[in-house]
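Chemist:
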Amino acid sequence: MQPTGDDQQPVVVAGVVCSPSRWNIQTKLGSNMMAVHNPVPQYVDHVGKAVDTTMARLRANQPMVRSNWTIEDHCALFQPVAPSGPLVQDPTKLWIRMERQTLRALPQTGGSMFTIRTYQQPITEYVARGADVASTLYSLVKRLPDDVAKYKSILHYREALLEWLAPFAS
Ligand code: HEM
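Under the working numbering, the first residue of the sequence shown carries the number 129, and numbering increases by one thereafter.
As structure tokens, then:
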């Protein structure tokens with residue numbers, strides 16, 4: 129990202145994305161953070177301002193680290209496009225997909241760099257880690273607002289997934 133224009137908002141100027149989670153870098157070039165996150169429900173109301181502030185306060189020697197999670201119905205790391213409909217019906221065929229993201233300032237250019245490392249695991253193995261893991265996942269999935277669940281492609285599976293997860297979570 130590089131600050132651009134009168135307001136010096138960071139916009140995406142270059143990138144390589146080996147493991148896109150159903151988005152495409154080409155459509156993000158030239159966009160600021162609000163525009164990049166346009167497809168993300170509730171971003172403008174709940175997250176956008178905090179992201180802009182974080183970007184403005186970035187330090188080179190202190191990368192910011194965050195994580196993102198989703199559940200997917202295909203294990204390809206390279207998924208630039210969301211399929212038009214669900215690929216499986218059985219919740220035990222789903223995958224947990226986690227991203228470790230970092231964001232840091234690049235002092236020589238005044239820009240910043242965003243990195244994403246993607247991890248995934250069959251949901252059956254992930255849940256087998258323990259009742260605390262299963263229980264956290266259960267409440268995350270249950271609490272997701274419908275529009276966010278739809279964006280994450282979880283809405284279709286939600287009820288079947290919760291029913292399957294419940295015994296592991298208690
Ligand atoms: C503090 C920093 C950031 C926060 C809190 C944040 C938050 C989010 C959230 C909540 C989502 C939705 C993910 C989901 O629910 O599965 C998202 C998606 C995304 N974020 Fe960020 N983000 C941050 C920084 C960035 C930066 C620096 C970029 C740089 C390009 C970026 C690019 C994206 C993209 C491309 C998506 C997918 C959008 C789509 O579906 O088209 N994010 N982000």
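Even for Gly, the Cβ is constructed at its ideal location relative to N, Cα and C.
Bear in mind that the values here come from a model prediction, so they are computed numbers and not experimental data.
Nearest CA to the CA of P125: which residue from P250, S149, M129?
Modeler: A question about residue 125 goes unanswered here, because the residues of the chain that appear run from 129 up to 298.
Chemist: With DSSP as the reference, please indicate the residues paired to L234 in a beta bridge.
Modeler: In the sequence shown, the residue the question calls residue 234 occupies position 106. Bridge partners of L234: G239.
Chemist: Using DSSP's beta-bridge definition, name the partner residues of S149.
Modeler: Taking the sequence shown and counting its residues from 1, one reaches residue 149 at position 21. According to DSSP, S149 bridges with Q207.
Chemist: Do three or more CB pairs link the segment 190 to 204 to the segment 275 to 287 at distances below 8 Å?
Modeler: Flag = yes, the segment 190 to 204 and the segment 275 to 287 touch.
Chemist: For the pair the segment 208 to 216 and the segment 256 to 271, tell me if three or more CB-CB distances fall below 8 Å.
Modeler: They do not touch, by the three-pair rule.
Chemist: What's the C-alpha gap between L290 and F296?
Modeler: Numbered from its first residue, the sequence shown carries residue 290 at position 162. Numbered from its first residue, the sequence shown carries residue 296 at position 168. So the alpha carbons of these two residues sit roughly 10 Å apart.
Chemist: What residue does the beta strand (DSSP E) around R194 start on, and which one ends it?
Modeler: Counting from one through the sequence shown, the residue named residue 194 turns up at place 66. It spans 192 to 200 - the beta strand (DSSP E) in which R194 sits, taken as one unbroken run.
Chemist: Say yes only if the C-beta of K280 is nearer than 7 Å to one or more non-hydrogen atoms of the ligand HEM, and no if none qualify.
Modeler: Looking up residue 280 in the sequence shown gives position 152. Yes, the Cβ of K280 comes within 7 Å of a heavy atom of the ligand HEM.
Chemist: Compute the Euclidean distance between the alpha carbons of G143 and S298, then round it to the nearest angstrom.
Modeler: The count along the sequence shown starts at 1 and reaches residue 143 at position 15. The count along the sequence shown starts at 1 and reaches residue 298 at position 170. So the alpha carbons of these two residues sit roughly 43 Å apart.
Chemist: Would the C-beta of V269 count as close to the ligand HEM, meaning under 7 Å from any of its heavy atoms?
Modeler: As a working note, residue 269 is residue 141 in the sequence shown. No, the beta carbon of V269 sits no closer than 7 Å to any heavy atom of the ligand HEM.
Chemist: The beta strand (DSSP E) with V168 in it runs from where to where?
Modeler: Here residue 168 is taken as the residue at index 40 of the sequence shown, counted from 1. Unbroken run through V168: none, as it is neither H nor E.
Chemist: Going by other Cβ atoms of all chains shown within 10 Å of its Cβ, with 16 needed for buried, is Y266 buried or exposed?
Modeler: Indexing the sequence shown from 1 puts residue 266 at position 138. Buried is the call here.
Chemist: Is V164 buried or exposed, if buried means 16 or more other CB atoms sit within 10 Å of its CB?
Modeler: Translated into positions along the sequence shown, residue 164 becomes position 36. With 16 or more Cβ atoms within 10 Å of its Cβ, V164 is classed as buried.
Chemist: Can you look up Q154 in the DSSP assignment and give me helix, strand or coil?
Modeler: By one-based count along the sequence shown, residue 154 stands at place 26. Correct three-state label for Q154: helix.
Chemist: Whose CA, out of T132, V139, R245, A262, lies closest to the CA of T252?
Modeler: One-based indexing of the sequence shown puts residue 252 at position 124. Comparing Cα-Cα distances from T252 to each of T132, V139, R245, A262, the minimum goes to A262.
Chemist: Could you check the C-alpha separation between V140 and K270 for me, to the nearest Å?
Modeler: By 1-based counting over the sequence shown, the position of residue 140 is 12. By 1-based counting over the sequence shown, the position of residue 270 is 142. Their backbone Cα atoms lie some 34 Å apart in a straight line.
Chemist: Quick test of the definition: if touching needs 3 or more C-beta pairs under 8 Å, does the segment 176 to 183 touch the segment 211 to 225?
Modeler: These segments do not touch.
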